[in-house]
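Participant: Chains as they are written, first to last, in the working numbering: chain A, 1 to 134; chain B, 1 to 134. Glycine is no exception: its CB is placed at the ideal position from the N, C-alpha and C atoms. Have a look at the structure that comes next, please.
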DNA sequence: GTTATTACTTGCAAAATACAAGTGACTGTG
DNA sequence: CACAGTCACTTGTATTTTGCAAGTAATAAC
C-alpha cells in the first residue's frame, strides 16, 4: 500500500513531483536501483557518499510513497533488498534526460553509460518481487 | 560569461545536475520561464509562493551558472527581465518528463498543459536577448 | 568470549529554508 | 512638495533539513 502524500505547494504536476523527489539525494538512489543495485551498502558505496541517516530516511520516504518496495532476502539478521516499483521505474526517462542535459551542458560531468541511455522502464521492474507484495 | 561551478559530489552526470538544480525551487523558476514569465513578480505570483529571499538567491545561482540571463527592460529604477539561455531551455525535456510522471503517478496533480508538452527548447530562446549579451 | 560486519539510530553542529520586516528607488496623488 | 504605494530586493531570525561522528542490535567468524 502507498500514497500517504504530504502537503503539496500547488497542484502543478512539476511542483508535486518536486515535493516528493526534489532534493539532492532521492534520484541518486533511484539511479542506483536502475543500475541493478538493491542493497543498503550498494547505495552507501556510490561515489557521492550519502550520509547513512539520509539514506535511511530517503528509503523510508521513497517506500512510503510507492516508488520502491523492500523485501527480505535473509532473516537471520533481517535484511532487505530494495526495488523500484512501476511508479519508480517510470522515473527513468526523467533521469535519462537529466543525465543527457548534464553531459551536454555541464563541462566536467562524464557521459552517461550507453546501457543506461538505452534502458526502458519495464526492464527495471522485477515482476516476481512486485507481485509478491500483493 | 558563466561556469563558476561549485564542488561536485561525483562526476556522474545525474549527480552534477542535481548539485545545480536538485532542490525544490530551481526547476519551478525554469518552468515559469518556459511559460513566458520573465519578471521577478511573475515568479513571486506563481501558486507555490516562493519566499522572496529564496527567489533572489536562485536567480543569482541560475544566472551565475549560465541557465538564465537577465537584461534590463527599464532604467528609471533599474529592472530586469530574466530569460532562459540555450542551456536553460535544454532543461525543457527534463521538466516535461517530470510533469508527465507526476500526472501519471501522483493522484492529485493536474495534467500538464498541452502547449507545455508540445513545446521545444528552441522555441524558448529569445535570440535577440541572448545575442545582446555578447 | 572477542572482534568484525551490516544496517541502521541518535546526538549535535552546520547549513538551508521560511517568514516577517525592512530598504532604496522610484511613481502617483493631492 | 509631502506622503502613501509599488517593486525588487536585503536583512534578521526562527525553524527545518542536512551532515558528520558515534553508538547500537543482531549476527557471523574465530
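1) Taking the continuous alpha helix (DSSP H) assigned at residue 93 of chain B, which residues delimit it?
2) When you compare each of A:94, A:48 and A:101 to residue 98 of chain B by their alpha carbons, which one comes out closest?
3) Beta-carbon of residue 48 of chain B versus every beta-carbon of chain A: anything under 8 Å?
4) I'd like to know if residue 120 of chain A contacts chain B, where contact means its C-beta is closer than 8 Å to some C-beta of that chain.
5) Which stretch, first to last residue, makes up the alpha helix (DSSP H) that contains residue 72 of chain A?
6) Helix, strand or coil for residue 81 of chain A per DSSP?
7) For the candidate residues A:46, A:66, A:45 and A:53, whose alpha-carbon lies nearest to that of residue 20 of chain A?
8) Let me see if you follow: with CB-CB separation under 8 Å, is residue 27 of chain B close to chain A or not?
9) Quick one: list the residues of chain B neighbouring residue 115 of chain A, beta-carbon separation under 9 Å, in chain order.
10) Between residue 141 of chain A and residue 118 of chain B, is the Cβ-Cβ spacing less than 8 Å?
11) Using a C-beta cutoff of 8 Å, does residue 106 of chain A count as contacting chain B?
12) Relative to the alpha-carbon of residue 42 of chain B, which residue among B:87, B:100, B:82 and B:89 has its alpha-carbon at the smallest distance?
13) Comparing the C-beta of residue 123 of chain A with each C-beta of chain B, is any distance below 8 Å?
14) In chain B, which residues lie with their C-beta within 7 Å of the C-beta of residue 87 of chain A?
15) What residues from the segment 5 to 17 of chain A come within 9 Å of chain B, judged by C-beta to C-beta, listed N to C?
16) Could you pull out every residue in the same chain whose Cβ sits closer than 7 Å to the Cβ of residue 72 of chain A, ignoring the five residues on either side in sequence?
17) Does DSSP classify residue 39 of chain A as helix, strand or coil?
18) At the level of alpha carbons, what is the spacing between residue 86 of chain B and residue 76 of chain A?
19) Which bits of chain A does residue 31 of chain B rub up against, with CB to CB less than 9 Å?
20) How would you list, in chain order, the residues of chain B whose beta-carbon sits under 7 Å from the beta-carbon of residue 110 of chain A?
21) Is the beta carbon of residue 115 of chain A less than 8 Å from the beta carbon of residue 16 of chain B?
22) May I ask you to report which of helix, strand or coil DSSP gives residue 132 of chain A?
23) Taking Cβ positions only, does residue 56 of chain B come closer than 8 Å to chain A?
24) Can you give the Cα-Cα distance for residue 70 of chain B and residue 62 of chain B, rounded to whole angstroms?
25) The alpha helix (DSSP H) spanning residue 62 of chain B covers which residue range?
Facilitator: According to the data block:
1) Start at 1 with the first residue of the second chain, and residue 93 of chain B comes out as number 93. Run containing residue 93 of chain B: 92 to 105, per the alpha helix (DSSP H) assignment.
2) Here the question's residue 98 of chain B lines up with position 98 in the second chain. Checked all of A:94, A:48 and A:101; the closest Cα to residue 98 of chain B is A:94.
3) Along the second chain, one-based indexing puts residue 48 of chain B at 48. At least one chain A Cβ lies under 8 Å of residue 48 of chain B.
4) As a first step, residue 120 of chain A must be located in the first chain, where it is residue number 120. No, residue 120 of chain A does not count as interfacial toward chain B.
5) The residue labelled residue 72 of chain A in the question sits at position 72 within the first chain. Residue 72 of chain A -> not in any alpha helix (DSSP H); beta strand (DSSP E) instead, spanning 68 to 74.
6) Stepping through the first chain from its first residue, residue 81 of chain A is reached at position 81. Three-state DSSP puts residue 81 of chain A in a strand.
7) As a first step, residue 20 of chain A must be located in the first chain, where it is residue number 20. With distances taken between Cα atoms, residue 20 of chain A lies closest to A:66.
8) Indexing the second chain from 1 puts residue 27 of chain B at position 27. True, the Cβ-Cβ gap to chain A drops below 8 Å.
9) Here the question's residue 115 of chain A lines up with position 115 in the first chain. Simply none; closest approach about 14 Å.
10) Residue 141 of chain A lies beyond the stretch modelled for chain A, which goes from 1 to 134, so this question has no answer here.
11) As a working mapping, residue 106 of chain A is identified with position 106 in the first chain. Closer than 8 Å: yes.
12) For this step, residue 42 of chain B is matched to residue 42 along the second chain. Of the candidates B:87, B:100, B:82 and B:89, the one whose C-alpha sits nearest the C-alpha of residue 42 of chain B is B:82.
13) Along the first chain, read from residue 1 onward, the residue named residue 123 of chain A stands at position 123. Chain B contact via Cβ: absent.
14) On the first chain, position 87 is the one that residue 87 of chain A refers to. What residue 87 of chain A touches in chain B: 105.
15) Answer in chain order: 5, 8, 9, 10, 11, 12, 13, 14, 15, 16 and 17.
16) For the purposes of this step, residue 72 of chain A is identified with residue 72 of the first chain, where counting begins at 1. Excluding positions up to five away in sequence, the list reads 78, 79 and 80.
17) Reading the first chain from its first residue, position 39 is the one you call residue 39 of chain A. Here residue 39 of chain A sits in strand by DSSP.
18) In the second chain, counting from the first residue as 1, residue 86 of chain B sits at position 86. In the first chain, counting from the first residue as 1, residue 76 of chain A sits at position 76. Distance between the alpha carbons of residue 86 of chain B and residue 76 of chain A is about 55 Å.
19) The count along the second chain starts at 1 and reaches residue 31 of chain B at position 31. By Cβ distance, chain A contributes 12, 14 and 15.
20) In the first chain, counting from the first residue as 1, residue 110 of chain A sits at position 110. Those are 11, 12 and 13, listed as they occur along chain B.
21) What you label residue 115 of chain A is simply residue 115 of the first chain in a count that begins at 1. What you label residue 16 of chain B is simply residue 16 of the second chain in a count that begins at 1. Between residue 115 of chain A and residue 16 of chain B, the gap from beta carbon to beta carbon reaches 8 Å or more.
22) If you number the first chain from 1, residue 132 of chain A lands on position 132. Residue placement at residue 132 of chain A is flagged as unreliable, the pLDDT there being 42, under the threshold of 50; the coordinate-derived value follows with that caveat. Reduced to three states, the DSSP call for residue 132 of chain A is helix.
23) One-based indexing of the second chain puts residue 56 of chain B at position 56. Chain A contact via Cβ: absent.
24) Position 70 of the second chain, counting from 1, holds the residue named residue 70 of chain B. Position 62 of the second chain, counting from 1, holds the residue named residue 62 of chain B. Cα to Cα, residue 70 of chain B sits roughly 10 Å from residue 62 of chain B.
25) By 1-based counting over the second chain, the position of residue 62 of chain B is 62. Run containing residue 62 of chain B: 52 to 64, per the alpha helix (DSSP H) assignment.
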